[in-house]
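Residue numbers (the working numbering): 60 to 377.
Written out as structure tokens, the structure is:
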């Protein structure tokens, strides 16, 4: 391992001032992101669009400083706020999750309808990085490469019919988790056995979901509150455009729900003796799945068929 490589690995283990110093003395551009998958996403994008520019993609996870003992998003935002006044600001770009900011949850509308750029900081277009993947063609091509089940043709036809409703269900579940302050528990409570396909429409079986929540230490009152909140949000989303739902959805849980629904479609199209075929979907490593999705998004972005964070490329000099 070269000294330069060691320096790039170690620099984010320093405090805030150490990181600022590393940018000041560096001749390379620096893109600071929240975590592992943001870094993986931009590694694919920068290689495809601006491979001729030397860019270090840094994650803020290992940055420890008593001045910024907050979440990763807030760390990136604080650093971007400090750096924008420095003479070396042109060598830095920050990228963070938008989350639910600038969505009107009362009217369920998107008040931005674009990427938000604040000096050297860019927000994701939707809730987080995976929202860029919520395109049927991107999901289809990724599944085609990753899913080796024999019933793929039948399963994917069922999945296509369910796709838009799946995103709406995922969005309603994410909003329920946010409303209750229980996002992680609700995310972990969902699995493919909770879904049923009725008349080509995907349905979340609420009684079974309620039981799943109770197994994760929800009280009966909390479980009922979650079910009622989910139903209320799903009803509100009925008349909301699919474009708004796509960006509003909590994509961390959304991508897992998409996989769970596809698993259910495979399960329904596999004979009883080959039901373990469906489980192959869950054996695909998450990193491999993410890489496939990012690669297909790049292909669509190159032909201007998909939204991507081009503001980041512009700021880096692409």
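Every residue gets a Cβ at the ideal spot worked out from N, C-alpha and C, and that includes glycine.
- Beta-bridge partners assigned by DSSP to residue 151: 89.
- DSSP places residue 235 inside the alpha helix (DSSP H), whose first and last residues are 211 to 239.
- Around the beta-carbon of residue 97, 16 or more other beta-carbon atoms lie within 10 Å, marking it buried.
- For residue 131, DSSP records no beta bridge to any residue.
- Residue 74 carries a coil assignment under DSSP once its states are collapsed to helix, strand and coil.
- No Cβ-Cβ contact shorter than 8 Å links residue 159 with residue 122.
- Residue pairing for residue 116: DSSP places it in a beta bridge opposite 90.
- Out of 134, 179, 163 and 138, the CA that lies nearest to the CA of residue 152 is found in 179.
- Per the Cβ contact rule, the stretch 229 to 240 is in contact with the stretch 289 to 302 (3 or more Cβ pairs under 8 Å).
- Taking 8 Å as the cut-off, the Cβ atoms of residue 249 and residue 316 count as close.
- Take residue 262, set aside five residues on each side of it, and the residues of its chain with a beta-carbon closer than 6 Å to its own are 255, in chain order.
- When the alpha-carbon of residue 349 is set against those of 114, 90, 95 and 259, the nearest one is in 95.
- Closest in C-alpha terms to residue 129, from the list 110, 93 and 308, comes 93.
- By the neighbour-count criterion, in which a residue is buried when 16 or more other Cβ atoms sit within 10 angstroms of its Cβ, residue 368 is buried.
- Bridge partners of residue 255 according to DSSP: 262.
- When C-alpha distances from residue 145 are compared across 288, 219, 74 and 82, the shortest belongs to 82.
- Note: residue 347 is not bridge-paired with any residue in the DSSP secondary-structure output.
- The three-state reading of DSSP puts residue 177 in strand, counting E and B together.
- Three or more beta-carbon pairs separated by less than 8 Å link the stretch 355 to 374 to the stretch 104 to 122, which places the two stretches in contact.
- Between the alpha carbons of residue 209 and residue 331 lies a gap of roughly 14 Å.
- Annotated three-state conformation of residue 162 is strand, per DSSP.
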